[in-house]
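So the protein sequences, as listed, match chains A and B. Every letter in the first sequence is one number past the one before it in the working numbering, and letter 44, counting from 1, is 50. Every letter in the second sequence is one number past the one before it in the working numbering, and letter 160, counting from 1, is 140.
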Amino acid sequence: MTTDKRKPDTGLEEYFAAARDAAPLPPGDLLARIEADALAEQAALARPRRAGAVPSGLWADLRQALGGWPAFAGLAASACVGLWIGVSPPASVAGLWPASAAELTGDTLDPVSGFDFVLVEG
Amino acid sequence: MDMPLDAMNDQTDEALLAAFAKGEPAAARALTARLAPRVYAHAARLLGDTTEAEDVAQEAMLRLWRIAPDWRSGEAQVTTWLYRVTANLCTDRLRRRSRAAVDLASVPEPADDAASATLRLQDKARGAALQEALMRLPERQRQAVVLRHIEGLTNPEIARIMDIGPRAVESLTARGKRGLELLLSGRREELGFDDDD
C-alpha cells in the first residue's frame, strides 16, 4: 500500500488502516456467480471463433453474404421455377404474355437443342 | 489445456485476460479470485451498501469478460479499467438514489450510542465511522480518497481512472481529507483515541 509521505499524519491514517484491515469481503455466492458468468461468456466467445475457422474465400464470402446454405436453397428453387415457366409456361401465364410476343423467331425455342447437339456430336 | 490455479498466480492481469479470451477456464477462475474482491470492496466503499455493491461487481466483471477478446495490450492496466467501470456504475446508482430523494448530505448525525458502543473491535468501529464519514463527502472526493488512501493507488493512476489531471486528484483528496477530519473530529474519544494522539 502506498502512503502519503509528503504530508504529516493528520490522524486519519488510523482510520484508513482500519478500513484496509476490514475490507468488505465478497460473499462466496457472488464469486460463484461471477465465475459462472465468465465461463458462459467464454463459451459464447468460442462459438463464433469455430465458425470463423471455416476457410474463407470468394465462395465462402458469397455464401456468407447471401445468408448461408438456406439462402442458396431458396435461390436454386426460384431459378428452377423461373426456368420451368420459361420453357413451358402454364396456361395462366401464357394468357398474360402471349407466346407470339415472346418469340424470338417464328419457331418454338428449344432450350436443350444445344445440349442435344453436343450429345449427338460427342 | 486447463492449468492449475496456482500456476497462474505469477501471471499479469493482462496475460490472464488474454488466456481467458483464448478459452482458458483456469484464467477465468484466477481473474475472478484476483479482481472480483477488489471490485466488490471498491463498490461497497463508494456506495456504502453491500447488496448494491454485489450487483455492481458482477456487472463490472461481466464487462471485463466481454471486452477480453478486444483488449488492446499495453493500452491500459486491467485494474485501472476495472476501477473506472466500477466507479461509473456506482455513479449511475448514486444518481438514481439521489433522484429518489435520498440526500446524503441531509442525513442526520447518527446517535452517539450507535453501533460503535456495542462493537467490540475498535478497528471495526473506526472502519465503520470512516465509511459513514466517507458517505457524507461529495462523490468525487470520496472516490479520490478511497482510491488514494484505502486502495493505495498513486495519483497518476487515480488521474487515469477519474479522467482528470494529477493536480485535480491532489485537490480532491486534500478536500476530502479535510472533510473527513471535520466529520470524525467529534468521535475520537468514542472510537478509542486519546486526546493527545
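By construction, the Cβ of each residue, glycine as well, lies at the ideal position given by its N, Cα and C atoms.
In terms of alpha-carbon separation, which member of B/Glu55, B/Leu42, B/Gln38 lies closest to glutamate 178 of chain B?
The shown model of chain B, from -19 to 177, leaves out residue 178 of chain B, and the question about it has no answer.
With distances taken Cα to Cα, identify the nearest neighbour of arginine 116 of chain B among B/Lys157, B/Ile130, B/Val149.
As a working note, residue 116 of chain B is residue 136 in the second sequence. Ranking B/Lys157, B/Ile130, B/Val149 by Cα distance to arginine 116 of chain B puts B/Lys157 first.
Between leucine 163 of chain B and leucine 44 of chain B, what straight-line distance do the alpha-carbon atoms span, to the nearest angstrom?
Here residue 163 of chain B refers to the residue found at position 183 when the second sequence is read from its first residue. Here residue 44 of chain B refers to the residue found at position 64 when the second sequence is read from its first residue. The alpha-carbon atoms of leucine 163 of chain B and leucine 44 of chain B are separated by roughly 36 Å.
If you check the beta carbons only, do alanine 7 of chain B and leucine -4 of chain B fall under 8 Å apart?
Against the second sequence, residue 7 of chain B aligns to sequence position 27. Against the second sequence, residue -4 of chain B aligns to sequence position 16. In contact: alanine 7 of chain B and leucine -4 of chain B (Cβ atoms closer than 8 Å).
Using a Cβ-Cβ cutoff of 8 Å, what residues of the stretch 6 to 36 of chain B are near chain A? List them in chain order.
Ala8, Arg9, Leu11, Thr12, Ala13, Ala16, Pro17, Tyr20, Ala21, Ala24, Arg25, Thr30, Ala33, Glu34
With 8 Å set as the bound, which would you pick, yes or no: does the beta-carbon of valine 149 of chain B sit closer than that to a beta-carbon of chain A?
To locate residue 149 of chain B, count along the second sequence from 1; it is residue 169. Chain A, which has no Cβ nearer than 8 Å to the Cβ of valine 149 of chain B, makes this no.
Burial state of cysteine 70 of chain B, where buried means 16 or more other Cβ atoms lie within 10 Å
Taking the second sequence and counting its residues from 1, the one referred to as residue 70 of chain B is at position 90. By the neighbour-count rule (16 or more Cβ atoms within 10 Å), cysteine 70 of chain B is buried.
Secondary structure at threonine 55 of chain B, three-state DSSP: helix, strand or coil?
In the second sequence, counting from the first residue as 1, residue 55 of chain B sits at position 75. Checking the sequence shown, residue 55 of chain B turns out to be glutamate, not threonine. Residue state, collapsed to three classes: coil.
Does the Cβ of threonine 153 of chain B have 16 or more other Cβ atoms within 10 Å, making it buried, or fewer, making it exposed?
As a first step, residue 153 of chain B must be located in the second sequence, where it is residue number 173. Buried, since its Cβ has 16 or more Cβ neighbours within 10 Å.
Closer than 7 Å at the beta carbon, the chain B residues around arginine 39 of chain A
One-based indexing of the first sequence puts residue 39 of chain A at position 33. Within 7 Å Cβ-Cβ: Gln38.
DSSP state of methionine 115 of chain B mapped onto helix, strand, coil
To locate residue 115 of chain B, count along the second sequence from 1; it is residue 135. Note: methionine 115 of chain B maps to coil in three-state DSSP.
Alpha carbons only, please: which of A/Ala97, A/Pro33, A/Gln48, A/Ala24 is nearest the one belonging to proline 5 of chain B?
To locate residue 5 of chain B, count along the second sequence from 1; it is residue 25. Ranking the options by Cα distance to proline 5 of chain B, first place goes to A/Gln48.
Reduced DSSP category for asparagine -11 of chain B - H, G, I as helix; E, B as strand; rest coil
Start at 1 with the first residue of the second sequence, and residue -11 of chain B comes out as number 9. In the structure shown, asparagine -11 of chain B sits in coil (DSSP, three-state: anything other than H, G, I, E or B).
Arginine 53 of chain A at chain E interface by Cβ criterion, 8 Å
Considering every chain present, this structure includes no chain E. Its protein chains are A and B.
Considering just the uninterrupted stretch of the alpha helix (DSSP H) at leucine 162 of chain B, what are its terminal residues?
Here residue 162 of chain B is taken as the residue at index 182 of the second sequence, counted from 1. Start and end: 146 to 165.
Please confirm whether leucine 31 of chain A has its beta-carbon closer than 8 Å to some beta-carbon of chain B.
Here residue 31 of chain A refers to the residue found at position 25 when the first sequence is read from its first residue. Yes - at least one Cβ of chain B is within 8 Å of the one on leucine 31 of chain A.
With a CB to CB cut of under 6 Å and the five nearest residues on each side skipped, what residues in its chain are close to histidine 22 of chain B?
Indexing the second sequence from 1 puts residue 22 of chain B at position 42. Only Thr66 meet the Cβ criterion.
So with Cβ pairs under 8 Å, would you call aspartate 67 of chain A a contact of chain B?
Along the first sequence, read from residue 1 onward, the residue named residue 67 of chain A stands at position 61. Not an interface residue.
Do arginine 25 of chain B and threonine 126 of chain B have their beta-carbon atoms positioned less than 8 Å apart in this structure?
Reading the second sequence from its first residue, position 146 is the one you call residue 126 of chain B. Reading the second sequence from its first residue, position 45 is the one you call residue 25 of chain B. Looking at the sequence itself, residue 126 of chain B is valine, so the reference to threonine does not match. A contact, by the Cβ cut-off of 8 Å.
Should valine 58 of chain B be labelled buried (16 or more other beta-carbon atoms within 10 Å of its own) or exposed?
Residue 58 of chain B sits at position 78 when you count from the first residue of the second sequence. Looking at its Cβ environment, which holds 16 or more other Cβ atoms inside 10 Å, valine 58 of chain B is buried.
If threonine 30 of chain B sits next to proline 30 of chain A, beta carbons under 8 Å apart, how far is it from one beta carbon to the other, in whole angstroms?
Taking the second sequence and counting its residues from 1, one reaches residue 30 of chain B at position 50. Taking the first sequence and counting its residues from 1, one reaches residue 30 of chain A at position 24. That belief holds up - the Cβ atoms of threonine 30 of chain B and proline 30 of chain A are roughly 6 Å apart, short of 8 Å.
Going along chain A in order, which residues have a C-beta closer than 9 Å to the C-beta of isoleucine 130 of chain B?
Stepping through the second sequence from its first residue, residue 130 of chain B is reached at position 150. Here the neighbours are Met7, Phe22, Ala25, Arg26, Ala29.
Along chain B, which residues have their Cβ under 7 Å away from the Cβ of leucine 45 of chain A?
Position 39 of the first sequence, counted from the first residue, corresponds to residue 45 of chain A. Under the 7 Å cutoff, chain B gives Pro5, Ala8.
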